[in-house]
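Heads up: the sequence shown is residues 1 to 142, going by UniProt numbering. Quick reminder that beta carbons are idealized off the backbone N, C-alpha and C, glycines included. Source: prediction; values computed, not measured. Working notes for the structure below.
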Amino acid sequence: MPRYEPPEVEQAPLERLCLRLRQLALRLKEQVPRLGQMLGQSPTAAQLMEALVQQPTEERLEEARASLVECGALNSTIDERASMTVLGQLALALPLDLRLCRLVLFGALFGCLADAVVMATALSLQDPLARPVGGLACDRNK
């Protein structure tokens, strides 16, 4: 058994983190312009990612960026100037997976928002009939 659990940044999906850092970089650029003057330039999402205590691997970051572009939350993976789409902004506002946010967005576009929200909520919950793995190893004779 390992002495410590692996850091969350190595296990959790990085799509939301990439979006949050991109949003933070934009807000810093808009709301604290003197910070950019002091540093010579406004901080980018990549620079903010480097400031993390434990950074994710570059391949996981590339996978997250590719996933964001594939789902439509970002316009491009090529540079830091890629803008966040409406889906990216919605993903930051809702506590849902990126693909479920896409479901809600398309529900709003096609005029069936209530149905899309119900489906996204149902899909975001764990299966109530699934038993936890730890419960399988208990001794029934006790």
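Taking the alpha-carbon of residue i as reference, which of the options has the nearest alpha-carbon?
i    : options               : result
C101 : T121, A82, G111, F110 : T121
L109 : L74, Y4, L21, L87     : L87
S103 : D127, G72, A82        : Here residue 103 is Leu; the residue named in the question, Ser, does not match the sequence. Measuring from the Cα of L103, the nearest candidate turns out to be G72.
Mapping DSSP to helix, strand and coil, what is residue i?
i    : result
G74  : Correcting the residue identity first, residue 74 is Leu in this sequence and not Gly. Residue state, collapsed to three classes: strand.
P43  : coil
T121 : helix
C112 : coil
V32  : coil
E5   : coil
Q23  : helix
Q55  : coil
Going by DSSP, which residues form a beta bridge with residue i?
i   : result
M84 : L74
Am I right that residue i and residue j are in contact with their C-beta atoms under 8 Å? What's the rounded C-beta distance?
i   : j    : result
P56 : L14  : 6 Å
P6  : A25  : In fact, because the Cβ distance is near 27 Å, the residues do not count as touching under 8 Å.
M84 : Q23  : 7 Å
D97 : S124 : 7 Å
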